[in-house]
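Notes follow once the structure below has been shown.
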Amino acid sequence: MKLARRGFIQGMGALGAAAGVSLDAVAQAVKTAKPVAKGKAAPRAPLEVKHIKSRCSICPNFCAIQGNVVNGVIKTIYPDAEGVEVYNHGICPKGVSGMYNTYDPFRLKKPMKRTNPKKGPNEDPGFVEISWDEAFELVASRLAKIHADNPSKLVFQWGQGKYLIGDAFMKAFLSAYGSPNGTHRTTTCEAARHVADELTWGYHGHIPDLKYTNLLFNFGSNYHEGEQSSRWLDWATAQGRERGLKVVVIEPRLSNCAAKADEWVPMRPGKDVVLILAICKQLIDAGTIDEEFLTTMTNSPQLVGADGHVVMDKDGKTPLVWDAVTNAAVAYTENVKPTLKGSFTVDGKPVRTAFTVFADGLKTITPQYAEEITGVPAADVVRLAATFGKEARIGEFKEVDGVKLRYRPVAAYTFRGLAAKEFGVQSSRSALILNSLVGAIDSVGGLLLGHVNNHPDYLEPAKCEYPPKRADMQMSVFHPNSHHNIAQQSNITILDPKSWGLEYEPEMQMFYGTNRPMATSNSWEQFEGMTKTFNVVIDILLTETAWYGDIVLPDKTYLESWHNSPCKTNPEMTGIVSIRQPMANPYNLEHDATSILFELSKRLGLRDKYLTACNKTWGLKGIVFQTGRDYTPREMVEVMWTSKTKKDFSYALEHGFTAKKKDVKGKYLHGVEHVFKGPGKPKFKLYADHMIGTFEKVEKTVKANNITRIDLAKYKIAYSPLPTPDHAQPTPHREAKDYPFYLVTHKLMHRYQSGNTVNNVITNQALGHDLDTNYVVMNVVAAKAMGVKTGDKVVVETRVGKTTGIAKAVQGVHPETVAISFHYGQWSKGYSPAAKQGTWINGVLELHPDIPSGMNSFNDTKCKVYKA
Amino acid sequence: MTKLVRLIDQKRCMGCRACIAACATENHFTPDAPWNVMVEYEVGTYPKVKKVFNTMNCMHCEHPSCKMACDRVGAKAISKNAFGVVTIDYEKCIGCGYCASVCPYGVPQLNKTIAQLSPGKEKLGAENLDYADRHPTHRKKSNTAEKCTFCTHKLEQAVADGKVDRIGKDQAYTPSCDLVCPTQARMFGDLDDPNSDISKRIKETGAKQLKTKFGNSPQVYYVLEEGAVS
Numbered sequence: 008m009k010l011a012r013r014g015f016i017q018g019m020g021a022l023g024a025a026a027g028v029s030l031d032a033v034a035q036a037v038k039t040a041k042p043v044a045k046g047k048a049a050p051r052a053p054l055e056v057k058h059i060k061s062r063c064s065i066c067p068n069f070c071a072i073q074g075n076v077v078n079g080v081i082k083t084i085y086p087d088a089e090g091v092e093v094y095n096h097g098i099c100p101k102g103v104s105g106m107y108n109t110y111d112p113f114r115l116k117k118p119m120k121r122t123n124p125k126k127g128p129n130e131d132p133g134f135v136e137i138s139w140d141e142a143f144e145l146v147a148s149r150l151a152k153i154h155a156d157n158p159s160k161l162v163f164q165w166g167q168g169k170y171l172i173g174d175a176f177m178k179a180f181l182s183a184y185g186s187p188n189g190t191h192r193t194t195t196c197e198a199a200r201h202v203a204d205e206l207t208w209g210y211h212g213h214i215p216d217l218k219y220t221n222l223l224f225n226f227g228s229n230y231h232e233g234e235q236s237s238r239w240l241d242w243a244t245a246q247g248r249e250r251g252l253k254v255v256v257i258e259p260r261l262s263n264c265a266a267k268a269d270e271w272v273p274m275r276p277g278k279d280v281v282l283i284l285a286i287c288k289q290l291i292d293a294g295t296i297d298e299e300f301l302t303t304m305t306n307s308p309q310l311v312g313a314d315g316h317v318v319m320d321k322d323g324k325t326p327l328v329w330d331a332v333t334n335a336a337v338a339y340t341e342n343v344k345p346t347l348k349g350s351f352t353v354d355g356k357p358v359r360t361a362f363t364v365f366a367d368g369l370k371t372i373t374p375q376y377a378e379e380i381t382g383v384p385a386a387d388v389v390r391l392a393a394t395f396g397k398e399a400r401i402g403e404f405k406e407v408d409g410v411k412l413r414y415r416p417v418a419a420y421t422f423r424g425l426a427a428k429e430f431g432v433q434s435s436r437s438a439l440i441l442n443s444l445v446g447a448i449d450s451v452g453g454l455l456l457g458h459v460n461n462h463p464d465y466l467e468p469a470k471c472e473y474p475p476k477r478a479d480m481q482m483s484v485f486h487p488n489s490h491h492n493i494a495q496q497s498n499i500t501i502l503d504p505k506s507w508g509l510e511y512e513p514e515m516q517m518f519y520g521t522n523r524p525m526a527t528s529n530s531w532e533q534f535e536g537m538t539k540t541f542n543v544v545i546d547i548l549l550t551e552t553a554w555y556g557d558i559v560l561p562d563k564t565y566l567e568s569w570h571n572s573p574c575k576t577n578p579e580m581t582g583i584v585s586i587r588q589p590m591a592n593p594y595n596l597e598h599d600a601t602s603i604l605f606e607l608s609k610r611l612g613l614r615d616k617y618l619t620a621c622n623k624t625w626g627l628k629g630i631v632f633q634t635g636r637d638y639t640p641r642e643m644v645e646v647m648w649t650s651k652t653k654k655d656f657s658y659a660l661e662h663g664f665t666a667k668k669k670d671v672k673g674k675y676l677h678g679v680e681h682v683f684k685g686p687g688k689p690k691f692k693l694y695a696d697h698m699i700g701t702f703e704k705v706e707k708t709v710k711a712n713n714i715t716r717i718d719l720a721k722y723k724i725a726y727s728p729l730p731t732p733d734h735a736q737p738t739p740h741r742e743a744k745d746y747p748f749y750l751v752t753h754k755l756m757h758r759y760q761s762g763n764t765v766n767n768v769i770t771n772q773a774l775g776h777d778l779d780t781n782y783v784v785m786n787v788v789a790a791k792a793m794g795v796k797t798g799d800k801v802v803v804e805t806r807v808g809k810t811t812g813i814a815k816a817v818q819g820v821h822p823e824t825v826a827i828s829f830h831y832g833q834w835s836k837g838y839s840p841a842a843k844q845g846t847w848i849n850g851v852l853e854l855h856p857d858i859p860s861g862m863n864s865f866n867d868t869k870c871k872v873y874k875a
Numbered sequence: 128m129t130k131l132v133r134l135i136d137q138k139r140c141m142g143c144r145a146c147i148a149a150c151a152t153e154n155h156f157t158p159d160a161p162w163n164v165m166v167e168y169e170v171g172t173y174p175k176v177k178k179v180f181n182t183m184n185c186m187h188c189e190h191p192s193c194k195m196a197c198d199r200v201g202a203k204a205i206s207k208n209a210f211g212v213v214t215i216d217y218e219k220c221i222g223c224g225y226c227a228s229v230c231p232y233g234v235p236q237l238n239k240t241i242a243q244l245s246p247g248k249e250k251l252g253a254e255n256l257d258y259a260d261r262h263p264t265h266r267k268k269s270n271t272a273e274k275c276t277f278c279t280h281k282l283e284q285a286v287a288d289g290k291v292d293r294i295g296k297d298q299a300y301t302p303s304c305d306l307v308c309p310t311q312a313r314m315f316g317d318l319d320d321p322n323s324d325i326s327k328r329i330k331e332t333g334a335k336q337l338k339t340k341f342g343n344s345p346q347v348y349y350v351l352e353e354g355a356v357s
């Protein structure tokens, strides 16, 4: 933090008074200008100006920021100039004006308790303010009672709260308390994409190497309007396009990404997998595939039997390949040359290589078929495939910093638009497979993966737990690969726990920094769940979730509180550790979630257990939290900083973060090249054989326990080892025949999901009145056919319910699609009138979670639209 | 000489409006008098459609129509300084609105009422900073014209600090709209220096001024998006 006392020069008006005045005269005028003195007014004290480095926590970009505080008021927020090399060159409008989420007259300032026991959208909670002591006593006594009975009856849900204090504190609290029920928001974000990664290469997270990528296919990634890594992606694509990068955006709506692209390919929603598989077929038919990559780094050569399983050696664990040298089925060891394609006989049984199984499955996915399903012209399918194959430069190398590396400068990149679907995992996997066909994985210009095979258990059949231990059904037979919690499930389970096999009934829920029901689909079911539990809500506003609260506790915003902040880096950097430090506390708030959890742990007699658990969840070694003492939030951040960086805390206060540059080997050679390449190593699973194993476990568990909730036919489709055209037919597409339009949702840059940005007076008033509301966006031709014009009030009806909105007829949307953004239509009394404008769409979206991951589906609904 | 100009690259602009939010927080925005606006529009017909994102602050014209009108009515409230920055003296403005009428770019805002950001509630954030502690361009008055000043308060600070060469480079001396852009679609600097980054960039991109037919010779240059109207 830098402090400057600047003698502000009042009366600067003299500066511009004379037209054409010279620079020297300007300098002289500035130096000699005196404060304006009216009558006998005392001279003004110099302004106190502080520059404070911190992190934005509104979204998971965690941009490095500098707050400029004038006389104790956060006046402006700039991007931290030191952060440019590491991640963000700028900041978004939410971040720029983030102080107005802090300066908000609707902020919660005191704890409150509910006096009306009934809960509902039209039930006034009858909140009365209480002291912190009473609030802690009420919450702790209830927690103590549950703890004595069955700690699992506590469910703790968080969302943006993870960005504010990190989920390690909540996990530590639950660990000390003894409840397994901690749930983050990932299945309302992009969980299916993570799980697709995990089922394919054993961990998650990938990003295109845009410094060198020449062709980017973008399926559902909206870095110009939302999403993770966007503050680097938006700059890197702008930079790349000047270098010659071509961007093709394939999606139903002309998002801002599509608007900036070299080509927008409109497509029917939910049909990406067919287009991607059609492109795969074109590449395979043309021979434009990276056989070396597929043979040595993926499981493509592994032999697959008629039952779909990979054929194993006598040890039952080592997959067999067909050796081109000995013409036999052997384990892939030294001197073996695996065959990529072909059908063979092993022990009298027919087998095919996994690659051949994949290729054979694509036979009917011709460009014409793809056109029929996706709406993308067949000629375009052929052209896109040929371009992708050509630009992949298969077989080429590039020297970077003296190291010769595979050069495959293409990437098919996906994010939430593709993943937030009933078949999000399979859709996302299809893009990973496309990249692998041309070897564009951990290559120069290709897709760079995270910590490859960090979780080898993800490449094995899942546990399929039953009966479930967790209210959100994570890792249960219902969603066997739900590695990232299931955000929307707990409130559903609570409605009828026995029907899910849960052996207890949750009684209490804590919600931290999440407006959970508003951010899911089929939201009214969520609210119904909340009527069954005693709810403690920690937030900055009286959100809709807080409206259903029994105790509501005010939190500090990210500009008022301390944190060891998560961060993002660009592909050239690593090892970042950052703090967030407070800049103001205008309402003199006493607590934030860190201190609330600490106080609760004390009142429950769990403080030391909590601190020990914190050391574990934060991964602290050497310098750790000591038991037997209290910690303030600042003290906790100081321990974490010094433990992780071994640097003095004064460095953190001055610079905000530390990071280091990756060397070229760290960037390209520690992933698939190191972990998967060659004999005797695990493999990138183009063919996810372990998914069959998971299905078989599900089948066995269902039959053994007579589980009626599970439709095995659906699970078989969901757990296919390869993506198929079945994954382009989610339930609403198959069933909602009388609903002609596909309904898609999307984010906007100036607001965020939790509802904690929607009162912001700057983003609400200064950015333009076209943002006063969201719209029911339709294609002009479709709108005209219905007699609908821009500005008309229309009804959007789905199988779940109806809502209304203002129509906007545009060129930039597929004619069969209606697009409605999130972030509008709040209805809780805790919001300003501006926040209540527009359409809240979540209440009418159908919910069909992706079976493996539990991903909340947002983009599969079908609807009718008509004039109100 | 120093002639400060701005470059806005529509090809890089992603329409996020961070620059508009930055202007608003830097310059004490009051409702319905924005100094930076976004004009976004579609070009083309489905399926060949693009969007143009065009932000506009003041053009700080070499021949500002607003100043001519203001001089003509006798208020003489508008001036252009050595940097080329066109500013309005609120104490001299008579609120006639002619500047707003004659500007080809629709820039000056005649701010009828200085309204609070949250009417009926308390003042928020920088609204609490006393007028006497603010730069004159931030002491908004009702029935007074106001507009983008190229963040002249920062430029003046650069002069005071002897850092004119850091204008457009250091955050303290760069208009806030130009320093927050996530895609680096905006630049600010000295066009009179042929070796400045902005001079080179304007030359290499062939950036254009808008509405040159009015003869104002604006000090803001645009790299136009495909299909954009200049």
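Chains as they are written, first to last, in this note's numbering: chain A, 8 to 875; chain B, 128 to 357.
Glycine is no exception: its CB is placed at the ideal position from the N, C-alpha and C atoms.
For the alpha helix (DSSP H) that contains residue i, what are its first and last residues?
i	result
B:Cys-146	145-153
A:His-662	656-662
A:Lys-704	697-712
A:Tyr-749	From DSSP, A:Tyr-749 is part of no alpha helix (DSSP H) but of the beta strand (DSSP E) over 748-753.
B:Thr-279	279-287
A:Phe-395	385-398
Given a cut-off of 8 angstroms on the beta-carbon distance, is the pair residue i and residue j in contact?
i	j	result
B:Val-170	B:Val-179	yes
A:Tyr-746	A:Lys-869	yes
A:Phe-362	A:Ser-307	yes
A:Ser-1	A:Ala-203	The first residue shown for chain A is 8 and the last is 875, placing residue 1 of chain A beyond what the model contains.
Since residue i sits in a beta bridge, which residues does DSSP pair it with?
i	result
B:Tyr-349	B:Ile-135 and B:Lys-335
A:Val-410	A:Val-407
A:Gln-73	A:Lys-60 and A:Tyr-85
Shortest alpha-carbon distance to residue i belongs to which of the options?
i	options	result
A:Phe-541	A:Pro-124, A:Glu-92 and A:His-491	A:Pro-124
A:His-96	B:Glu-153, B:Asn-208, B:Val-307 and B:Thr-339	B:Val-307
A:His-734	A:Pro-86, A:Glu-429 and A:Ser-450	A:Glu-429
B:Met-186	B:Lys-330, B:Gly-233, B:His-265 and B:Glu-167	B:Gly-233
B:Cys-226	B:Gly-247, B:Thr-271 and B:Arg-266	B:Thr-271
A:Gly-79	B:Leu-251, B:Tyr-173, B:Ala-287 and B:Leu-337	B:Leu-251
A:Thr-346	A:Ala-335, A:Ala-789 and A:Tyr-230	A:Ala-335
B:Ser-269	B:Ile-294, B:Tyr-217, B:Pro-235 and B:Thr-129	B:Tyr-217
A:Val-343	A:Thr-303, A:Pro-132, A:Tyr-749 and A:Met-480	A:Thr-303
A:Lys-267	B:Asn-208, B:Asp-136 and B:Lys-130	B:Asp-136
Let me know if residue i comes out buried or exposed under the rule of 16 or more other beta-carbons within 10 Å of its beta-carbon.
i	result
A:Asp-330	buried
B:Glu-283	buried
A:Asn-6	Because chain A spans 8 through 875 in this model, residue 6 of chain A falls outside it and cannot be assessed.
A:Leu-755	buried
A:Gly-687	exposed
In chain E, which residues lie less than 9 angstroms from residue i when you measure between Cβ atoms?
i	result
A:Leu-54	The structure shown has no chain E; the protein chains it does contain are A and B.
I need the boundaries of the beta strand (DSSP E) containing residue i, first residue and last residue.
i	result
A:Asp-330	327-330
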